[in-house]
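Visitor:
Residue numbers (the numbering used here): 9 to 301.
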């Protein structure tokens, strides 16, 4: 009944027999906190459904603890959830990394020595990142050794979603990190879905890099309109065509922030250029964007 049968690295490491997993699972249920995660199970069928999730979590935590002695990972309330049930807590949905298996979850989604965000914070191993987000991103062929990246730094849209951070993207590793975050933060039903394999990621990576460079260039040309990356950034020209309005003799697509949906396009546009921006209040999608006067 006591959480001590699963709540430290030492006792988790000793869980090996089926009876020990089952005992820990019973204690895990008994020690649930009201309002946190999955509530008490309604019947044996639900317990049977969630037991494999819990066992996998225990094994994952044991594995992560074996990889480092600077961070301690522990079982938490995500351990009986399916991947779909975890999704609302992920960075791809709320702008923060707010779940993981670590003790003292920090900004990177993993426990670490010191306060979250401090210089002593230890990042989770890349293998943990792949376990959590592997179905949402694929790594393209690149000159960058992915082992040199801390993948948890590449989960949040904040690595590409403002003019300031885009302007700082210069190294290949920074483009790759932004591309990984771009994939993870895709919105279902909007643009290209999650890639099926590395080949597709390799195909779309140059589109994304060109988009980032174009957006940086357009932002450098004006301080009256802010242009940002959006879901058109990994599309080919052919794939963008269905989104073209072809109204008024213009293709209109992805305008800068503050765009009014085209209402002022006739009397307030200085010039148009083909690009891939997002609008803060997007009421129309077009194949060109407008520099507002």
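The beta-carbon is built from N, C-alpha and C at its ideal position, and this holds for glycine as well. Treat the numbers as computed from the prediction; the structure is a model and nothing was measured.
(1) On the three-pair Cβ rule with 8 Å, is the stretch 171 to 185 touching the stretch 240 to 249?
(2) My understanding is that residue 81 touches residue 62, with C-beta atoms under 8 Å, so please give their C-beta distance in whole angstroms.
(3) Which same chain residues, not among the five before or five after residue 171, have their C-beta less than 6 Å away from its C-beta?
(4) Roughly how many whole angstroms lie between the Cα atoms of residue 211 and residue 46?
(5) Using only alpha-carbon positions, find the residue among 152, 153, 192, 13 that is nearest to residue 168.
(6) Take residue 149 and list the residues in its own chain whose beta-carbon comes closer than 6 Å to its own, dropping the five residues that flank it on each side.
(7) For residue 155 and residue 173, what's the separation of their Cα atoms in angstroms?
(8) By the three-class DSSP mapping on this structure, what secondary structure does residue 36 have?
(9) With 16 other CB atoms within 10 Å as the buried threshold, where does residue 246 fall?
(10) Determine the contact status of residue 236 and residue 223, defining contact as a CB-CB distance below 8 Å.
(11) For a quick check, are the C-beta atoms of residue 205 and residue 189 less than 8 Å apart?
(12) For residue 16, does the three-state DSSP call read helix, strand or coil?
(13) Less than 8 Å separating the beta-carbons of residue 31 and residue 65?
(14) In this structure, how does DSSP classify residue 145 when only helix, strand and coil are distinguished?
(15) Classify residue 248 as buried or exposed, calling it buried when 16 or more other Cβ atoms lie within 10 Å of its own Cβ.
(16) Quick one: what's got a C-beta closer than 7 Å to residue 217's C-beta in the same chain, skipping five residues either side?
(17) How about residue 85 and residue 44: are their beta carbons less than 8 Å apart?
(18) Among 48, 74, 58, 37, which one has its Cα closest to the Cα of residue 90?
(19) With a CB to CB cut of under 7 Å and the five nearest residues on each side skipped, what residues in its chain are close to residue 144?
(20) Sorted by chain position, which residues of the same chain lie with C-beta nearer than 8 Å to residue 22's C-beta, five sequence neighbours on each side aside?
(21) How is residue 81 classed by DSSP in three states: helix, strand or coil?
(22) Taking the CB atoms as reference points, tell me whether residue 20 and residue 69 lie closer together than 8 Å.
(23) Just to confirm the assignment, what range does the alpha helix (DSSP H) spanning residue 65 have?
(24) Using 8 Å as the threshold, is the C-beta distance between residue 35 and residue 11 below it?
(25) Which same chain residues, not among the five before or five after residue 72, have their C-beta less than 6 Å away from its C-beta?
(26) Does DSSP put residue 30 in a helix, in a strand, or in coil?
(27) Using only alpha-carbon positions, find the residue among 162, 244, 161, 49 that is nearest to residue 200.
Guide: Let me spell this out:
(1) no
(2) In fact, because the Cβ distance is near 15 Å, the residues do not count as touching under 8 Å.
(3) 227, 234
(4) 40 Å
(5) 192
(6) Here the set comprises 210.
(7) 23 Å
(8) helix
(9) exposed
(10) yes
(11) no
(12) coil
(13) Residue 31 is not a Cβ neighbour of residue 65, given a cutoff of 8 Å.
(14) coil
(15) buried
(16) Taken in chain order, the residues that qualify are 183.
(17) A distance below 8 Å separates the beta carbons of residue 85 and residue 44.
(18) 58
(19) 100, 191, 192, 202
(20) 28
(21) Assignment of residue 81 by DSSP, reduced to helix, strand and coil, places it in the strand class.
(22) Contact flag set, yes.
(23) 52 to 75
(24) yes
(25) Excluding positions up to five away in sequence, the list reads 81, 136.
(26) Three-state result, residue 30: helix.
(27) Residue 244 is the option with its Cα nearest to residue 200.
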